[in-house]
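S.K.:
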Amino acid sequence: MAWFKRKDAGIKTSTKEKKDTPDGLWFKTPKGNIIHTRELKSNAYVCPDDDYHVKIGSKEYFEILFDNNQFQELDENMISGDPLDFVDSKPYTSRIEATISKTGLKDAVRSAVGKLDGQDIVVACMDFGFIGGSMGSVVGEKIARAIDHSLKNNIPFLMISKSGGARMMEAGFSLMQMAKTSAKLALLAEAKIPYISMLTDPTTGGVTASYAMLGDFNIAEPGALIGFAGPRVIRETIGKDLPKGFQSAEFVLEHGFLDFIVDRRQLKSRLSTLLRLLKK
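Heads up: the sequence shown begins at 1 in the UniProt record's numbering, then just goes up one per residue.
#1: Between which two residues does the beta strand (DSSP E) harbouring T203 extend?
#2: Taking the Cβ atom as the reference point for each residue, do E170 and S137 lie within a distance shorter than 7 Å?
#3: Go through its chain and collect everything with a Cβ distance to T21's Cβ below 7 Å, but skip five positions before and after it.
#4: If you run the structure through DSSP and keep just helix, strand and coil, what is L116?
#5: Run the CB neighbour count on L84, radius 10 Å, all protein chains shown included, and call it buried at 16 or more, exposed below.
#6: Residues in its own chain within less than 6 Å of residue 283 by CB, not counting five upstream and five downstream?
#7: For the alpha helix (DSSP H) that contains S42, what are its first and last residues?
#8: What first and last residue would you give for the alpha helix (DSSP H) that runs through E97?
#9: With DSSP collapsed to three states, give me the class of R167.
#10: Would you kindly work out how many angstroms separate the C-alpha atoms of R265 and N68, rounded to a whole number?
#11: Per DSSP, M213 forms a beta bridge with which residues?
#12: Mapping the DSSP letters down to three states, classify S134 as helix, strand or coil.
#13: To the nearest angstrom, how far is the alpha carbon of C125 from that of G239?
#14: Alpha carbon to alpha carbon, how far is S269 from S89? Give it in angstroms, no decimals.
#15: Write down every uninterrupted run of the alpha helix (DSSP H) in the stretch 47-73 whose length is 4 residues or greater and which is fully enclosed by it, in chain order.
Shown next, in the form of structure tokens:
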């Protein structure tokens, strides 16, 4: 006879007493693999089953790159103005305020200085969660000031791009950031201070057409979307079907626009080695 015998048939827990699984404990990749978020974080936000690189922001990249997550943030309180009094479905100022409240970010880029494997480095990292990582005046100014910090202290500069392109609410002011950041990077080149540009998913538009492609080394994460205009626009412009995998990091590497693709789990060690080689 079994030592356990159920006296009442069926589940007797009332609906009120049932507990749901908390949101955010598990992550499902596009291929259907499921991983616990704790394991995902310890694996640099890469799924070990299919090597899918989860889209992350500046907070996570700073955790991965800076030793003991110790860094000094630069220009952290800079916030966008509204030079054109722009209004679409709602005023630009209202959109900015709502996005700040939702994301906890001040704008679409954060910059900081700290140690990477014991080596000084300035890192500017874009956040796609802030209006699609769009490049406005604050983005351009913070990147320019981060480059100034590199110049002043003779420290290598790393730019992590993740953007949908220029911010339409700032029109010409946004487009001017392409010229401003490119001019600052020219000063960095003259001073022979290393600039590494890292392209993540997605990097498009005016960002690709300026600072994202101007690195001494241009690197990318596996499978990242990299391009200027979208595939549909290009297809309609040239009147031809596009090659398979067009605008993927692998396609861009094959055609000479990248130096190498790096798995996020090896990112810190690869950057450390690269910085040491550049010092010699």
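Cβ atoms here follow ideal geometry from the backbone N, Cα and C, with glycine treated the same way.
M.R.: On the basis of the supplied data:
#1: Y195 to T203
#2: yes
#3: Unreliable placement is indicated for T21, whose pLDDT of 47 sits below 50; no coordinate value is reported for it.
#4: In this structure, L116 counts as strand in the three-state DSSP scheme.
#5: Exposed is the call here.
#6: As displayed, the chain neither begins before 1 nor continues past 280, which places residue 283 out of reach and without an answer.
#7: T37 to S42
#8: Y92 to T103
#9: coil
#10: 16 Å
#11: Answer is none; M213 lacks a bridge partner.
#12: Under the three-state reduction of DSSP, S134 is assigned to coil, being neither helix nor strand.
#13: 36 Å
#14: 45 Å
#15: With a minimum length of 4 residues, the continuous alpha helix (DSSP H) runs that stay inside the stretch 47-73 are 58-65.
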